[in-house]
Every structure is written in C-alpha cells, then in structure tokens.
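Under the working numbering, the first residue of the sequence shown is numbered 13, with each subsequent residue one higher.
Cβ coordinates follow ideal geometry from the N, Cα and C atoms, glycine included.
What you are looking at is a predicted structure, and each value in this text was computed from that prediction instead of being measured.
One structure is given below, encoded as structure tokens.
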Amino acid sequence: MKKNKERILAEQAEFRRNNPDVMTERNRRYYIANKRKISKRNREYHQRNRARMNRISSKYYAENRDAMREKQREWQEQNPNWRKERYAKHKEEEKRYAKLWIKENPEKRREYDRNKRARRKMAEGTHTADDIKALYEGQGGKCWYCGIDVGDDYHVDHFIPLSKGGSNDVGNLRISCPKCNMQKHAKDPHEWSGRLL
Numbered sequence: 013m014k015k016n017k018e019r020i021l022a023e024q025a026e027f028r029r030n031n032p033d034v035m036t037e038r039n040r041r042y043y044i045a046n047k048r049k050i051s052k053r054n055r056e057y058h059q060r061n062r063a064r065m066n067r068i069s070s071k072y073y074a075e076n077r078d079a080m081r082e083k084q085r086e087w088q089e090q091n092p093n094w095r096k097e098r099y100a101k102h103k104e105e106e107k108r109y110a111k112l113w114i115k116e117n118p119e120k121r122r123e124y125d126r127n128k129r130a131r132r133k134m135a136e137g138t139h140t141a142d143d144i145k146a147l148y149e150g151q152g153g154k155c156w157y158c159g160i161d162v163g164d165d166y167h168v169d170h171f172i173p174l175s176k177g178g179s180n181d182v183g184n185l186r187i188s189c190p191k192c193n194m195q196k197h198a199k200d201p202h203e204w205s206g207r208l209l
C-alpha cells in the first residue's frame, strides 16, 4: 500500500513538472470556482501571520523596488480613475481612513499641505517629513529668528517667501516659533524687523 502511494505521488509530481501549462490552467479554473473560499483563507492566514507577512513583503519590495514601481506606474496609467471610483463607492470609509491618517501622521499632513501650496504658487522644490525632522534637529529645536526652544509647537517657514520666488526645497525652510512666523508672514527676511540668528 505504502509503495503504491509513493509511486502515485511520484507520477503526479512528474506530470506537474512535464505539463506546466495544463497545471496553470487547472489552477486558474480552481481559483475561479473557489475564489471566495481562497480569499477568506488567505485573509485569515495573513491576519494570523501579519508580522511575518510584512517582513516578507518589505524584503520583496526592497529587492524588486524598480520593477514594482514600474508595474505600479503602468497600472495607474491603465486605471486613471480608480481612486475616484473607489472614493465614490466607499465615501464614508475613505473619510474615516483619511481622518485617522491625518491624526496619526500630522507632520506628513503638514508636509503635504506645504508642498501643495508651493505647487499652487508654482514654486520649485519639495521636502519630506524626514527633511523637516533633520532641519529641526539641525537647529537644535530652536526658532531660527528669536532662538527660543520651540518644542512640538513650531512652524516651518519659507525663509524667502513663496510669493517672492522662494523655493519649497529644504534649503529655503527654517523652523520658527509660531509668533515669529506669523509676524514675518510673507515678508522678505531682510525687510522683516525680527532678529535673525
């Protein structure tokens, strides 16, 4: 009995090796017939093994970053309205997600707002939340203009204002206290009477 089972398994393995097209088609038909069951099983597996799956996914992305980005870019070109369609179908869910993301990522939201404002003013350059963090640390957590410790209550100022042709690049940004930034507003730093360090 055992020898017979081993022989059958060996024959099946050989058939799979010799007939990849047949196996691909068979698997495709099985997936179509059992899509819900397979999706549920995969979802449950991912939930049980979330940390492991995240590690595998991150490693794969790191090793295949360029190919993944190209594939994503092609998909987005072929599906230009997918975000609008998803939003229309899941409006409340999307709003809840956006609200949660903003709450959990305040610095990234501010980065997004600054970059968007700069694009509207046709300013060159962009920056990231990591750039702002490095800028903050480089200034020792102090206001560029008055030198007080700003803690978590700080503004990111465009040293040369966007309205006067300043860039949105990190080289034109300064950490400032709210008071100095509001007083300076869109003034050229050399016109402004605030004390420069």
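- Task: Answer yes or no: do Ile187 and Cys155 have a C-beta to C-beta separation smaller than 8 Å?
- Result: Taking the sequence shown and counting its residues from 1, the one referred to as residue 187 is at position 175. Taking the sequence shown and counting its residues from 1, the one referred to as residue 155 is at position 143. Against a cut-off of 8 Å, the Cβ pair of Cys155 and Ile187 comes out as a contact.
- Item | DSSP state of Asp169 mapped onto helix, strand, coil | Indexing the sequence shown from 1 puts residue 169 at position 157. If DSSP states are grouped into helix, strand and coil, Asp169 belongs with the strands.
- By DSSP, does Ser188 sit in helix, in strand, or in coil? Reading the sequence shown from its first residue, position 176 is the one you call residue 188. DSSP places Ser188 in strand when its eight states are reduced to three.
- Select from Glu23, Thr140, Lys176 the residue whose C-alpha is nearest the C-alpha of Val210. The structure shown does not extend to residue 210, since the chain is modelled only from 13 through 209, so no value can be given for it.
- Message: Going by beta-carbon coordinates alone, are Asp165 and Pro190 separated by less than 8 Å?
- Response: Working through the sequence shown from its first residue, we reach residue 165 at position 153. Working through the sequence shown from its first residue, we reach residue 190 at position 178. The answer is yes: Cβ separation under 8 Å.
- Mind checking who Lys107 pairs with in its DSSP beta bridge? Locating residue 107 in the sequence shown gives position 95, counting from the first residue. The partner list for Lys107 (beta bridge, DSSP) is empty, contrary to what the question assumes.
- Query: Does DSSP put Asp161 in a helix, in a strand, or in coil?
  - Reply: Reading the sequence shown from its first residue, position 149 is the one you call residue 161. Note: Asp161 maps to strand in three-state DSSP.
- Query: Ala135: buried (16+ other C-beta within 10 angstroms of its C-beta) or exposed?
  - Reply: In the sequence shown, residue 135 corresponds to position 123, counting from 1. When all chains shown are included, Ala135 counts as buried.
- Message: Can you list, in chain order, the residues of its chain with a C-beta nearer than 8 Å to that of Lys176? Leave out the 5 residues immediately preceding and following it.
- Response: Here residue 176 refers to the residue found at position 164 when the sequence shown is read from its first residue. Answer for Lys176: Ala198, Asp200, listed in chain order.
- Task: Determine the extent of the alpha helix (DSSP H) in which Thr36 is found, giving its start and end residues.
- Result: Translated into the one-based positions of the sequence shown, residue 36 becomes position 24. Taken as a continuous stretch (DSSP letters only), the alpha helix (DSSP H) holding Thr36 covers 32-45.
- Task: Can you grab the Cα-Cα spacing for the pair His167 / Ala146, in whole Å?
- Result: For the purposes of this step, residue 167 is taken as the residue at position 155 of the sequence shown. For the purposes of this step, residue 146 is taken as the residue at position 134 of the sequence shown. A straight-line Cα-Cα distance of about 14 Å links His167 and Ala146.
- Query: What first and last residue would you give for the alpha helix (DSSP H) that runs through Asp142?
  - Reply: As a position in the sequence shown, residue 142 is number 130, starting the count at 1. 141-150 is the span of the alpha helix (DSSP H), which, as asked, contains Asp142.
- Rounded to a whole number of angstroms, what is the C-alpha to C-alpha distance between Trp204 and Ile172? Counting from 1 along the sequence shown, the entry for residue 204 is found at position 192. Counting from 1 along the sequence shown, the entry for residue 172 is found at position 160. If I take the Cα positions, the gap works out to 11 Å.
- Task: Could you check the C-alpha separation between Cys192 and Arg122 for me, to the nearest Å?
- Result: Taking the sequence shown and counting its residues from 1, one reaches residue 192 at position 180. Taking the sequence shown and counting its residues from 1, one reaches residue 122 at position 110. Between Cys192 and Arg122, the C-alpha separation is close to 18 Å.
- Message: Tell me which residue opens and which closes the alpha helix (DSSP H) that Asp125 is part of.
- Response: Looking up residue 125 in the sequence shown gives position 113. First-last of the alpha helix (DSSP H) with Asp125: 118-132.
- Item | DSSP-derived helix/strand/coil call for Lys199 | Reading the sequence shown from its first residue, position 187 is the one you call residue 199. Three-state result, Lys199: coil.
- Message: My assumption, with CB atoms under 8 Å, is that Val162 sits in contact with Gly153. Please give the rounded CB distance.
- Response: On the sequence shown, position 150 is the one that residue 162 refers to. On the sequence shown, position 141 is the one that residue 153 refers to. Correct: roughly 6 Å between the Cβ atoms.
- Where Glu18 and Asn46 are concerned, what is the direct C-alpha to C-alpha distance, given to the nearest angstrom? Looking up residue 18 in the sequence shown gives position 6. Looking up residue 46 in the sequence shown gives position 34. So the alpha carbons of these two residues sit roughly 29 Å apart.
- Message: With DSSP as the reference, identify every bridge partner of Lys154, one or two as the case may be.
- Response: Translated into positions along the sequence shown, residue 154 becomes position 142. Asp161.
- Message: Tell me the rounded alpha-carbon separation between Asp142 and Asn117.
- Response: As a working mapping, residue 142 is identified with position 130 in the sequence shown. As a working mapping, residue 117 is identified with position 105 in the sequence shown. Going by the C-alpha atoms only, they are around 12 Å apart.
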